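This report refers to the structure that appears directly beneath it.
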Amino acid sequence: MPRIFNTASPCLPSKHYMLPPSRRLPEVEELIAGEFYFVLHAPRQTGKTTLLRSLSASLTAGGRSAALTISMESFTSDDVAVVMPQILQEIALVARSQLPPESRVADPTPFLSIPHIALKSYLGAWSASSDRPLVIFFDEIDALCPDVLLAVLRQLRSGYTARPAPFPASVALVGLRDVRDYRTKVRDEAASLGTSSPFNIKVRSMTLRNFDEVEVSELLEQHTADTGQRFEDEAKKEIFRQTRGQPWLLNAVAAQLVTDFDALVRDRSTPVTREKVLEAREILIERRDTHLDSLAARLTEDRVRRVIEPIILGEMFASDVYDDDLQYVEDLGLVTRVGGSARIANPIYQEVIPRCLTHVIQAGIAEEPAWYVTGDGTLDLGRLLDGFLKFWRRHGEVLLRGMPDHEAAPHLVLMAYLRRIVNSGGRIEREFAVGTGAADLWVTYGGREDVIELKIQRGRYTLEDGLAQVARYAKRIGRDTGYLVIFDSKSEAPWDDRGQVETLTADGVSVVVVRA
């Protein structure tokens with residue numbers, strides 16, 4: 029059966045296009061050889077489980093150790109007495125299926141009666157009887173309920189500090205969050221381990237990087253080698269630009285292009301073009317698979333909103349945004365830091381986030397795209413913004429009251445309005461980053477590209493800065509006209525009177541300024 033681009037399970041070399049898993053984290057084998065305990069954290073569907081299973085198999089096959097991966101995802105009870113026996117039985121079951129007979133997997137039954145020492149006692153007894161050092165990867169560790177998580181961490185720490193008494197040589201805790209954040213989950217300091225971290229025996233905390241541009245090309249070329257179907261160079265570049273090498277996104281876009289049942293380019297003699305990549309991107313965003321849906325669900329969390337809203341606005345973080353909040357949103361994979369500035373992790377997420385926040389609004393916009401299309405097939409953006417102002421005067425006050433991200437709400441409503449119009453035959457690309465002072469929208473329709481900059485009125489330099497930014501961006505795309513929309517959230521003017529439009533010139537560029 030031909031290999032495919034995989035989005036649904038850990039990758040297998042015989043079934044899926046994949047790169048060597050250990051390449052993205054070469055130091056892991058050194059940590060295991062040094063008999064260290066460590067933490068691996070990364071966003072969901074970035075290849076953690078694929079890496080762990082590959083490492084377990086190679087370490088065991090090499091005869092150096094008995095290694096196995098234990099998933100903690102299914103242990104949902106908050107009762108330690110219920111879950112601890114389940115964990116021991118799962119370890120024994122997985123070990124018997126994955127390890128050679130000489131590893132002499134211990135029977136967990138004698139250790140089940142005292143849950144709060146069961147794991148330590150069982151792993152100690154098994155380590156004493158095994159002919160090889162034990163290596164255990166606890167996958168999805170942060171899926172455990174707080175009391176159970178604390179019990180597991182305590183027992184691992186107790187067994188580790190008692191070495192050289194028999195205990196696993198190396199243990200990795202693997203999950204979405206870094207171990208420093210486990211103390212957030214285990215909130216009762218009186219019940220903690222008495223340290224700032226509930227797993228302070230770890231020597232290193234690591235994360236999985238995304239694929240770089242060369243690796244993206246290498247993965248795509250595996251399909252070319254198998255089938256003869258080429259990805260044009262511009263298509264490869266666009267796939268990397270849209271996904272920034274995020275493994276699930278990369279595979280999802282590639283699958284939609286060539287290996288899904290409804291792939292866009294099923295004819296293997298037809299090369300994949302940049303235009304098809306953009307079409308696949310739009311299908312993926314509209315379809316909102318589980319990966320994207322789970323990220324979207326996080327947008328309702330206060331600590332996520334405190335980070336995302338300033339990024340959408342281009343503002344600096346407020347004083348109530350803690351570094352822990354930013355790190356949390358980074359760990360989710362929603363945000364990355366580039367040159368010290370926080371921004372949405374990739375262009376696909378940049379599109380998904382505003383759409384999720386404005387889905388209901390967009391569905392209620394009755395405007396017809398044909399009203400704003402000119403004779404040459406391009407958009408009359410001046411007329412479109414006039415239409416938005418009428419909509420804003422009529423509905424803005426009600427919409428603002430109903431949106432949790434109050435300050436970002438005007439930006440989001442305009443984005444929803446544009447999406448309703450542009451969706452018929454064009455695309456919008458968004459650029460958000462903390463500290464830029466604006467949100468930039470690049471609107472492509474009928475073969476023409478336009479720039480719209482959105483700002484919040486902050487002081488006397490808002491207009492001046494906005495004009496300069498729009499002029500610079502317009503020149504970059506070869507346009508002599510640009511658009512600047514300034515929202516004044518503190519305006520006391522009646523809603524019926526809001527919305528002035530004037531045209532100013534900045535550095536030779538005609539800038540249509542809309543004040544809403």
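If you count the sequence shown from 1, position 350 lands on 378 in the working numbering, and the numbers rise without skipping. Beta carbons are placed, not taken as given, at the ideal position from N, Cα and C, and that holds for glycine. Remember, predicted model here, so these are calculated numbers, not experimental data.
Closest by C-alpha distance to residue i, when choosing among the options
{"i": "Arg124", "options": "Phe195, Trp154, Phe103 and Leu177", "result": "Trp154"}
{"i": "Glu55", "options": "Val110, Val122 and Arg232", "result": "Arg232"}
{"i": "Tyr473", "options": "Glu492, Asn451, Ile484 and Thr490", "result": "Asn451"}
{"i": "Asp516", "options": "Ala499, Ile505, Ser538 and Arg486", "result": "Arg486"}
{"i": "Arg302", "options": "Ala120, Gln114, Arg92 and Ala263", "result": "Ala263"}
{"i": "Leu550", "options": "Leu184, Gln284, Val293 and Lys304", "result": "The requested residue 550 does not occur in the structure, where the chain is confined to residues 29 to 544."}
{"i": "Leu47", "options": "Leu512, Asp321 and Ser245", "result": "Ser245"}
{"i": "Leu151", "options": "Cys173, Arg205, Ala171 and Leu96", "result": "Leu96"}
{"i": "Arg185", "options": "Leu172, Ala171, Pro174 and Leu201", "result": "Leu201"}
{"i": "Leu413", "options": "Thr464, Leu354, Gly392 and Ile514", "result": "Ile514"}
{"i": "Lys503", "options": "Val537, Asp493 and Gly494", "result": "Val537"}
{"i": "Thr402", "options": "Cys384, Arg447, Arg371 and Gly475", "result": "Gly475"}
{"i": "Ser322", "options": "Leu204, Asp352, Arg334 and Arg294", "result": "Leu204"}
{"i": "Phe460", "options": "Asp175, Ala179 and Met443", "result": "Met443"}
{"i": "Met431", "options": "Glu379, Leu327 and Ile480", "result": "Leu327"}
{"i": "Asp159", "options": "Gly410, Glu457 and Ser93", "result": "Ser93"}
{"i": "Lys483", "options": "Arg411, Trp523, Ala437 and Glu457", "result": "Ala437"}
{"i": "Leu446", "options": "Gly410, Phe33 and Asp175", "result": "Gly410"}
Integer-rounded CB distance, given that residue j should sit under 8 Å from residue i
{"i": "Val300", "j": "Thr386", "result": "Not really, about 31 Å apart at Cβ, beyond 8 Å."}
{"i": "Lys420", "j": "Ala521", "result": "Looking at the sequence shown, residue 420 is not Lys but Trp. At roughly 12 Å, the Cβ-Cβ gap does not stay under 8 Å, so Trp420 and Ala521 are not in contact."}
{"i": "Val207", "j": "Tyr65", "result": "In fact, because the Cβ distance is near 10 Å, the residues do not count as touching under 8 Å."}
{"i": "Arg237", "j": "Arg52", "result": "6 Å"}
{"i": "His69", "j": "Thr235", "result": "6 Å"}
{"i": "Ile449", "j": "Glu395", "result": "6 Å"}
{"i": "Leu83", "j": "Ser131", "result": "That pair is no contact at about 16 Å."}
{"i": "Pro382", "j": "Arg269", "result": "The pair is not a contact, with the Cβ atoms about 19 Å apart (cut-off 8 Å)."}
{"i": "Ala604", "j": "Asp317", "result": "One cannot answer for residue 604 here, as it falls past the ends of the chain, which runs 29 to 544."}
{"i": "Asp167", "j": "Ile267", "result": "About 28 Å separates the two Cβ atoms, so there is no contact after all."}
Rounded separation between residue i and residue j - CA only
{"i": "Gly361", "j": "Asp525", "result": "42 Å"}
{"i": "Thr223", "j": "Ile229", "result": "In this prediction, Thr223 has a pLDDT of 47, which is less than 50 and means its spatial position is unreliable; nothing more can be read from the coordinates."}
{"i": "Val357", "j": "Glu260", "result": "34 Å"}
{"i": "Gly367", "j": "Glu343", "result": "16 Å"}
{"i": "Ser220", "j": "Ile169", "result": "Low per-residue confidence applies at Ser220: pLDDT is 42, beneath 50, and the placement is therefore not dependable, though the value from the model is reported in the following sentence. Distance between the alpha carbons of Ser220 and Ile169 is about 17 Å."}
{"i": "Ser157", "j": "His144", "result": "22 Å"}
{"i": "Leu87", "j": "Tyr377", "result": "36 Å"}
{"i": "Gly510", "j": "Gln497", "result": "10 Å"}
{"i": "Asp107", "j": "Arg429", "result": "42 Å"}
{"i": "Glu314", "j": "Leu320", "result": "10 Å"}
{"i": "Thr364", "j": "Pro275", "result": "15 Å"}
{"i": "Phe165", "j": "Tyr188", "result": "15 Å"}
{"i": "Leu17", "j": "Ser105", "result": "What the structure shows of the chain is the stretch from 29 to 544, and residue 17 is not part of that stretch, so it cannot be assessed."}
{"i": "Val540", "j": "Leu532", "result": "6 Å"}
{"i": "Thr406", "j": "Asp288", "result": "33 Å"}
{"i": "Arg31", "j": "Trp470", "result": "37 Å"}
{"i": "Ser141", "j": "Leu172", "result": "20 Å"}
{"i": "Val248", "j": "Ala282", "result": "According to the sequence provided, residue 248 is Leu. The question's Val does not apply to it. One C-alpha to the other measures close to 8 Å."}
{"i": "Asp468", "j": "Phe345", "result": "18 Å"}
{"i": "Leu277", "j": "Thr271", "result": "6 Å"}
{"i": "Ala36", "j": "Ile505", "result": "39 Å"}
{"i": "Gly424", "j": "Gln257", "result": "50 Å"}
{"i": "Lys304", "j": "Ala291", "result": "10 Å"}
{"i": "Leu162", "j": "Val122", "result": "13 Å"}
{"i": "Val286", "j": "Thr255", "result": "10 Å"}
{"i": "Lys418", "j": "Ile389", "result": "15 Å"}
{"i": "Arg309", "j": "Tyr501", "result": "24 Å"}
{"i": "Ser369", "j": "Phe416", "result": "31 Å"}
{"i": "Glu241", "j": "Trp399", "result": "41 Å"}
{"i": "Ala253", "j": "Met29", "result": "15 Å"}
{"i": "Ala218", "j": "His439", "result": "Because the pLDDT at Ala218 is just 41, under 50, the model does not fix this residue reliably, and the value given afterwards should be weighed accordingly. Rounded to the nearest angstrom, the two C-alpha atoms are 45 Å apart."}
{"i": "Asp478", "j": "Arg455", "result": "11 Å"}
{"i": "Arg422", "j": "Pro397", "result": "19 Å"}
Cβ of residue i within 8 Å of any chain D Cβ
{"i": "Ala370", "result": "Absence of chain D from the displayed structure is noted, only one protein chain being present."}
Inside the region 78-133 only - alpha helix (DSSP H) runs reaching at least 4 residues
108-126
Counting Cβ pairs, one atom from each stretch, are 3 or more of them under 8 Å apart for the region 49-61 and the region 177-195?
no
What runs of the beta strand (DSSP E), each 3 residues or longer, lie entirely inside the region 221-308?
232-235
Beta strand (DSSP E) runs wholly inside the region 377-463, at least 3 long, in chain order
454-459
Could you tell me which uninterrupted alpha helix (DSSP H) segments, each at least 4 residues in length, are contained entirely in the region 42-79, listed from first to last along the chain?
55-61
Three CB pairs or more closer than 8 Å across the region 136-150 and the region 110-123:
yes
Hey, is the region 73-82 in contact with the region 36-47, meaning 3+ C-beta pairs nearer than 8 Å?
yes
Starting from the N-terminal side, write out each stretch of the beta strand (DSSP E) that is 3 residues or longer and does not extend beyond the region 497-529.
509-515
Which runs of the alpha helix (DSSP H) spanning at least 4 residues fall entirely within the region 126-176, listed in chain order?
143-157
Complete alpha helix (DSSP H) runs within the region 323-375 (minimum length 4 residues, chain order)
330-341 and 351-360
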